[in-house]
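Colleague:
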Amino acid sequence: MTASTLVRPPRAATPMAFVQAIVKGYARYGKDPGEALRAARITPRELWRPGARVTAAQFEALNEHAMQELDDEALGWFTRRLPWGSYGLLCRASLTAPDLGVAIKRWCRHHRLLADDIALSLSVAGGVATVSIEERRDLGPLREFCLVSSLRFLHGYASWAIDSRVSLREAAFPFAAPPHADAYALMFTGQVRFGAPRAGFSFDERYLALPLRRDERALRQMLRRALPLTVLQYRRDRLLGQRVRELLRTRGAELGSAEALAAALHISARTLHRQLQAEGLALQGLKDEVRHAEAVDQLRRTRRPIKQIALAVGFRNEKSFARAFRQWTGMTPGEARRSAG
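Residue numbers (this note's numbering): -6 to 334.
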């Protein structure tokens, strides 16, 4: 985890409501949160100021201090305390998994050994993987913070384990949109939906097949500062190139521009270019790759006129298609068709 692989949110983006939830955790244990708030440089006046936010660094400092002082990494969410190091055990138990799918299943299974107040599960249908949370008891005033944090812990670990952003299609929550709902777009990529039957997030199934890229040494280093994984998003998305190729193949006519592609992926055009560059790819190169493959396929399988193929794969005319095709293959479209027999 380095500064170049993580995206830092704008200054003071974390809702004060989550800080207030940690204070409620202290109240549950009958302890004073004063020292933790001072460590995070949060004053009592700021704590209850409507609409207030804190920085990622402040929230990290507060979390770490509170988890150690309360000796509860769940910060009072569950009926059972999760002693300091519990989530480290979850990380270690999943580390030897052959791929992300197995790692997430292990995480869900082992989480139930730590706490039975909620149950996490992974399901796959129609090419979409979904992590869901079943609430097995009333989580009370800590409900929002518990559900959000539980999802972010797993999402952060999954991204770290494969060294890639796991871009979410949707994040769903079983409560009404809170006053700080705008902050959810910073915490979860993709669409955010409130009033859902249960909490969870969904993503492209193909992420599940990606191998884990971390070892025990990397885990020990990460655990020294694990909390940034729940606050910061990865820049790199190792599946982005595949997803762009698929969209260009299936919806190339309507998604020809960077802006249209980015909107379909729920990111900005600038982010699209930046993430592709991080993977050594360029949008124009992917467009040419898809056009080339489609053109070769049509030249081999059909007897359509070359002019029609040129238009079908996105060229304005036969001349520009022929010029590009020669650059790709060293042959004209006609020569390629004849060589295919």
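Ideal placement from N, C-alpha and C gives every residue a C-beta, glycine not left out.
All values derive from a computational prediction rather than experimental measurement.
In angstroms with no decimal places, state the Cα-to-Cα distance between L68 and R85.
Modeller: If you take the alpha carbons of L68 and R85, they lie about 21 Å apart.
Colleague: Which of the three DSSP states is assigned to G183 in this structure?
Modeller: Here G183 sits in coil by DSSP.
Colleague: Using DSSP with H/G/I as helix, E/B as strand and the rest coil, what is P8?
Modeller: In this structure, P8 counts as strand in the three-state DSSP scheme.
Colleague: So what does DSSP say about V124, is it helix, strand or coil?
Modeller: Strand.
Colleague: Taking P134 as the reference, give the member of V12, P298 and W321 with the closest Cα.
Modeller: If we check each option's Cα against that of P134, V12 comes out closest.
Colleague: Taking C-beta to C-beta, are G188 and A164 nearer than 9 Å?
Modeller: No, they are not a contact pair.
Colleague: Taking all protein chains shown into account, do 16 or more other C-beta atoms lie within 10 angstroms of the C-beta of R316, making it buried, or fewer, making it exposed?
Modeller: Burial call: exposed.
Colleague: Do L232 and S125 count as a contact pair if the criterion is CB distance below 9 Å?
Modeller: Going by C-beta atoms, S125 is not nearer than 9 Å to L232.
Colleague: Quick one: any contact between the region 232 to 244 and the region 271 to 284, if contact means 3 or more CB pairs under 8 Å?
Modeller: The region 232 to 244 is in contact with the region 271 to 284.
Colleague: I need the DSSP call for S250, collapsed to helix, strand or coil.
Modeller: The answer is coil: DSSP assigns S250 none of H, G, I, E or B.
Colleague: Please return the same chain residues whose Cβ sits closer than 8 Å to the Cβ of Y22, not counting the five positions on each side in sequence.
Modeller: Hits under 8 Å: L63, D65 and G69.
Colleague: Could you pull the start and end residues of the beta strand (DSSP E) that E163 belongs to?
Modeller: Here the beta strand (DSSP E) through E163 covers L161 to F166.
Colleague: Kindly indicate which three-state DSSP category I260 falls into: helix, strand or coil?
Modeller: In the structure shown, I260 sits in coil (DSSP, three-state: anything other than H, G, I, E or B).
Colleague: DSSP three-state label for L274, please.
Modeller: Three-state DSSP puts L274 in coil, outside helix and strand.
Colleague: From the DSSP output, in three-state form, read off R42 for me.
Modeller: Reduced to three states, the DSSP call for R42 is coil.
Colleague: Can the beta-carbon of A32 be found less than 9 Å from the beta-carbon of A6?
Modeller: Cβ distance not < 9 Å, so A32 and A6 don't count as in contact.
Colleague: Assign F196 to one of three DSSP states: helix, strand, or coil.
Modeller: Three-state result, F196: strand.
Colleague: May I ask you to list the residues that DSSP assigns as paired with V47?
Modeller: Partner(s): T7.
Colleague: Three or more C-beta pairs under 8 Å: does that hold for the region 39 to 57 against the region 77 to 96?
Modeller: No, because fewer than three Cβ pairs between the region 39 to 57 and the region 77 to 96 fall closer than 8 Å, the two stretches do not touch.
Colleague: Would you grab the beta carbon distance between I111 and S143 for me? Rounded to a whole angstrom, and I think it's under 8 Å.
Modeller: That pair is a contact at about 7 Å.
Colleague: Would you tell me roughly how many angstroms separate the C-alpha atoms of G149 and R244, rounded to the nearest one?
Modeller: G149 and R244: Cα-Cα distance of roughly 31 Å.
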